[in-house]
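To start, the structure itself, in structure tokens.
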Amino acid sequence: MDGIHDMGGVDGFGPVDAPPAEPVFGEDWERRAFRVSMATMMALQPGGGFRHSIERMDPAHYLSSSYYEHWLTGVATLLTEAGLTTNEDLDERSGGRFPLSRADRGVAPATPEPDRTEPRFKIGDRVRVREWHPSGHTRAPRYVQGKRGVVTRLDGAENLPDFEAHGGGKVLDPTYSVRFTPRDLWGEGGADGATVNVDLWERYLEEDA
Amino acid sequence: MSHDHDHGHDHHPEPLAPIEARVAAIEAVLTEQGFFDTEMLDQLVSHFEDNLGPLNGAKVVARAWVDPDYRSRLLADGTAAIAELGFGGPEGDHMVVVENTPDVHNLVVCTLCSCYPWPTLGLPPKWYKAPAYRSRAVREPRVLLAEMGTELPDDVEIRVWDSSAEVRYLVLPERPSESEGLAEEDLVALVTRDSMIGVQRL
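So the sequence lines, in the order shown, correspond to chains Y and W.
Each residue of the first sequence is one higher than the one before, counting from -19 in my numbering.
Each residue of the second sequence is one higher than the one before, counting from -8 in my numbering.
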């Protein structure tokens, strides 16, 4: 989905606030949020569904909350969707409003997709990233969809999270690193002297004829 | 904000429950469902706090600086070479090491979430997961690096790596010229987390 999480190239966020050092967990609730997230992932095995539970957050809530609040909101959403609690129950237990993510609009393929393990592309091939803006989970960032680039590395077949996140099971698909120039990505606004290398599954790519 | 300012729909939903109370609510649900083994989870958290962190990555870098054969293996198969030093596991089983040279500078980002090589760098710092870094690293890396204190000459090529699939990246920084003659264990102390993400040159 073209969610708030998909931030590559978005303007306006200002300088990076990078203190020289920080503890692994700044506050005790962050450590506890990490624990409940790990416990939920072990219990539900959501795969790509965990990332997608965060991607579905209300955009205003996403931007106004910190990282481990994203995790907490995601796992609360997954536990609710798994029928282990309800939003009303969580409101009551927490003594206020417990915001959850939006409903999952993604769909699994109608018929099971086959594993693909033999890469179709080789190093140096020019490819175009498909442009399809799915309603569900994908790892093809919006800023490369529809863009042309060059395959620079083959990384082997991996589970494609797009299907698994919506109940489509684990399906293998070759992965690649694809190199884009700033002109490829940002047109006349692209600066020289940099490349952006994005790791993409084969089902995201097509030949650049 | 004015409270008598009414557009005819709900601008004032019930306030959010405090974050600590929301965490406690999920802890209670998981406990009731039998999914909350606090002893095991605390061990896991301690593992992240005590065993995983940039010191591991620094040992990899220092070894590559003193041992050309190791450096070759590291660049050819990062996962296997890092495992030689005892580091591996989740978010570290598809490692690619990218080498800085006088002409090339590498920078690692995850624009979609927070992908990061846990075994060699630990959990990512807050800024790595925040919108400013994730949005700008792919759009204006040279400006961003300069703002973060790393001014690169225009003729240095920047390679940004967006870890959007299963590979996790570690930058192999250049060995500082003034480090000639230092022993491997002393070199470890020179290697910073930020240099292995690529926002700093040593």
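Ideal placement from N, C-alpha and C gives every residue a C-beta, glycine not left out.
Because the structure is a prediction, the values reported are computed rather than measured.
Which of helix, strand or coil DSSP assigns to S157 of chain Y = strand
query = Where does D145 of chain W fall in DSSP's three states?
reply = coil
query = Listed from N- to C-terminal order along the chain, which residues in the stretch 108 to 127 of chain W have their beta-carbon within a distance smaller than 8 angstroms of any beta-carbon of chain Y?
reply = G113, L114, P116, K117, W118, K120, A121, P122, A123, Y124, R125, S126, R127
task = State the Cα-Cα distance for the pair V89 of chain W and L98 of chain W, rounded to the nearest angstrom.
result = 9 angstroms
query = Three-state secondary structure (DSSP) at M(-13) of chain Y?
reply = coil
query = Should M86 of chain W be labelled buried (16 or more other beta-carbon atoms within 10 Å of its own) or exposed?
reply = buried
query = Going by C-alpha distance, which of W:E142, W:P167, W:L114 is nearest S37 of chain W?
reply = W:L114
request  = Please indicate yes or no: does the CB of A180 of chain W lie closer than 7 angstroms to some heavy atom of the ligand MN?
outcome  = Among the components of this structure there are no ligands whatsoever, and the ligand MN is therefore not found.
inquiry  = The beta strand (DSSP E) that contains D135 of chain Y, what's its start and end?
reply    = 128 to 139
For R260 of chain W, the first and last residue of its enclosing alpha helix (DSSP H) = This structure does not reach residue 260 of chain W, given that chain W is present from -8 up to 193, and the question cannot be answered.
ask   = With 8 angstroms set as the bound, which would you pick, yes or no: does the beta-carbon of H113 of chain Y sit closer than that to a beta-carbon of chain W?
value = no
query = Can you check whether the CB of L70 of chain Y is closer than 8 angstroms to the CB of A56 of chain Y?
reply = yes
task = Let me know if M31 of chain W comes out buried or exposed under the rule of 16 or more other beta-carbons within 10 Å of its beta-carbon.
result = exposed
ask   = How many Å lie between Y107 of chain W and A19 of chain W at the Cα?
value = 30 angstroms
query = So what's H117 of chain Y in DSSP terms, helix, strand or just coil?
reply = coil
task = Confirm, please, whether the CB-CB distance from S154 of chain W to C101 of chain W is below 8 angstroms.
result = yes
key: Nearest residue (CA-CA) to A156 of chain W, options Y:S45, Y:E138, Y:S81   = Y:E138
query = Contact between the stretch 63 to 78 of chain Y and the stretch 3 to 17 of chain W: three or more CB pairs below 8 angstroms?
reply = yes
request  = Indicate the three-state DSSP secondary structure (helix, strand or coil) for A174 of chain Y in the structure shown.
outcome  = strand
message = On the DSSP letters alone, give me the boundaries of the beta strand (DSSP E) that M139 of chain W sits inside.
response = Per DSSP, M139 of chain W belongs to no beta strand (DSSP E) and is neither H nor E.
query = Is there at least one Cβ from chain W nearer than 8 angstroms to R192 of chain Y's Cβ?
reply = No answer is possible for residue 192 of chain Y: it lies beyond the span of chain Y, which begins at -19 and ends at 189.
query = Where does A49 of chain W land, buried or exposed, given buried means 16+ other C-beta within 10 angstroms?
reply = buried
CA nearest to the CA of M(-13) of chain Y, picked from W:I188, W:Q191, W:C104 = W:C104
query = What did DSSP end up calling V89 of chain W once you bin it into helix, strand or coil?
reply = strand
request  = Please state if the CB of F143 of chain Y and the CB of P94 of chain Y are separated by a distance shorter than 8 angstroms.
outcome  = no
Closer than 7 angstroms at the beta carbon, the chain W residues around H(-15) of chain Y = L103, C104
key: Below-8 angstroms beta-carbon distance, S186 of chain W vs any chain Y residue   = no
message = Taking only three categories from DSSP, how would you classify V16 of chain Y?
response = helix
Sequence-distant residues of its chain with Cβ nearer than 6 angstroms to R36 of chain Y (five each side left out) = S81, R82
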